[in-house]
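Just add 43 to the spot in the sequence shown (first one is 1) and you have our numbering.
Positions of the beta carbon are idealized from the N, C-alpha and C atoms, including for glycine.
Down below is the structure, laid out as structure tokens.
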Amino acid sequence: MEAVCRSSDEIKKIRRAGKVVAQCHKELQKRVRAGVKTNDIEKFIAGFFAKHGAVAAQKGYKGYPYVSCISVNEVACHGFPSSYELQNGDIVTVDMVADVGGWKADSAYTYMIGEVSLEARKLVRTAKAAMRAGINAIEIGRDLADIGYAIERRAELDGYKVVASFAGHGIGREIHEQPQVLHVRTETTGIKLQEGMVITIEPIVTAGSTELYIAHDGWTARTIDHSLTAQFEHTVAVTKQGPQLLTALHTPRKTSHAAKRA
Ligand code: MF3
Ligand code: CO
44 MEAVCRSSDE
54 IKKIRRAGKV
64 VAQCHKELQK
74 RVRAGVKTND
84 IEKFIAGFFA
94 KHGAVAAQKG
104 YKGYPYVSCI
114 SVNEVACHGF
124 PSSYELQNGD
134 IVTVDMVADV
144 GGWKADSAYT
154 YMIGEVSLEA
164 RKLVRTAKAA
174 MRAGINAIEI
184 GRDLADIGYA
194 IERRAELDGY
204 KVVASFAGHG
214 IGREIHEQPQ
224 VLHVRTETTG
234 IKLQEGMVIT
244 IEPIVTAGST
254 ELYIAHDGWT
264 ARTIDHSLTA
274 QFEHTVAVTK
284 QGPQLLTALH
294 TPRKTSHAAK
304 RA
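Below, the structure is given as structure tokens:
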């Protein structure tokens, strides 16, 4: 299936779902602490979505059993919420997809628990910077491969690696739509970024091996050497004004490229 381009009205609807996700992450920032069980985070998100008229789109998606993915330390993604109690020094990625009126938005954030090692802090900082680099590479007419190039380069500059086996994706009606957005360097894809494309940028950055294995639950993906991972994700629209974050708390005023550069 081809990548679809959304009208500005459709993008507004995706942004509505994105706002719920952004506000939920903001609330989590205050709540994700040592002693909190990852189950409690799941419950909070379920309640928050219900209160804000959003359906948790991950639950039941390809059989995924929970509202959120909660991935602690060496879990790269798709961790199950559990009775695990977060501990001082953990880093935990919370990933969620809200659906409002049939339109979906996806965003993940890595939270640091209490006093985190310098190494873990640096990894988290790089994961965020790598996501930003990918977003900044978004411009109408550029090849999709420019995104992965920017992400991997940014991570490598800091001495980290990017997991190649999980990719970003188109999103809108479904969680995963075309195109696939690789987070590492590849040949040019021939797919040009077009106005109205809505994609996620969500690189998983690792302090060690980029190789993952899936647990017996069929989902939980860990690094084979159990090295730490961090991940940030935004849902982004490709517009004439450049990349627009649909999962940010605030909608920026429209600024032209020229104004932004000045
Ligand atoms: N939010 C995840 C992503 O970034 C979706 C994972 S699929 C699920 O693509 F089944 F776990 F929800
Ligand atoms: Co995603």
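Proximity test, residue i beta-carbon vs ligand 2 heavy atom, cut-off 7 Å
| i | result |
| --- | --- |
| Glu-276 | yes |
| Asp-142 | no |
| Gly-202 | no |
| Asp-52 | no |
Residue environment, residue i, which counts as buried when at least 16 other CB atoms sit within 10 Å
| i | result |
| --- | --- |
| Pro-124 | buried |
| Asp-133 | buried |
| Gln-101 | buried |
| Gln-274 | buried |
| Gly-202 | exposed |
| Ala-119 | buried |
| Lys-62 | buried |
| Gln-287 | buried |
| Ala-60 | buried |
| Lys-105 | exposed |
beta-carbon residue i near ligand 1 non-hydrogen atom, thresh 7 Å
| i | result |
| --- | --- |
| Lys-107 | The sequence shown places Tyr at residue 107, rather than the Lys named in the question. Yes, ligand 1 has a heavy atom inside 7 Å of this Cβ. |
| Glu-245 | yes |
| Tyr-104 | yes |
| His-212 | yes |
| His-121 | yes |
| Cys-151 | It should be noted that the sequence gives Ala, not Cys, for residue 151. Yes, the Cβ of Ala-151 comes within 7 Å of a heavy atom of ligand 1. |
| Asp-186 | no |
| Asp-189 | no |
Nonlocal neighbours in the same chain, by C-beta distance under 7 Å from residue i, ignoring five residues either side
| i | result |
| --- | --- |
| Ala-210 | Gln-223, Val-224, Leu-225, His-226 |
| Gln-221 | Met-44, Glu-45, Ala-46, Gly-213 |
| Cys-48 | Gln-237, Glu-238, Gly-239, Met-240 |
| Lys-69 | Leu-292 |
Residue j beta carbon less than 8 Å from that of residue i
| i | j | result |
| --- | --- | --- |
| Val-281 | Val-248 | no |
| Cys-112 | Gly-122 | yes |
| Ile-181 | Val-64 | no |
| Ile-257 | Thr-263 | yes |
| Asn-315 | Glu-158 | Absent from the structure is residue 315, since the part of the chain shown begins at 44 and ends at 305. |
| Ile-218 | Val-167 | no |
Range of the contiguous alpha helix (DSSP H) that encloses residue i
| i | result |
| --- | --- |
| Cys-67 | 51-74 |
| Gly-177 | 161-179 |
| Glu-199 | 188-200 |
Own chain partners of residue i with C-beta closer than 6 Å, once the 5 adjacent residues on each side are dropped
| i | result |
| --- | --- |
| Phe-87 | none |
| Tyr-154 | Val-75, Val-135 |
Host beta strand (DSSP E) of residue i (start-end)
| i | result |
| --- | --- |
| Tyr-256 | 255-257 |
| Thr-93 | A quick correction: the sequence has Ala, not Thr, at residue 93. Per DSSP, Ala-93 belongs to no beta strand (DSSP E); it is in the alpha helix (DSSP H), 81-94. |
| Glu-158 | No beta strand (DSSP E) holds Glu-158; DSSP gives it neither H nor E. |
| Asp-306 | The displayed coordinates of the chain run from 44 to 305. Any statement about residue 306 would go beyond what the structure contains. |
| Met-139 | 134-143 |
Residues of its chain near residue i, where Cβ-Cβ distance is below 8 Å and the 5 sequence neighbours each way are ignored
| i | result |
| --- | --- |
| Gly-215 | Val-47, Arg-49, Glu-53, Ile-57, Trp-146, Lys-147, Val-241 |
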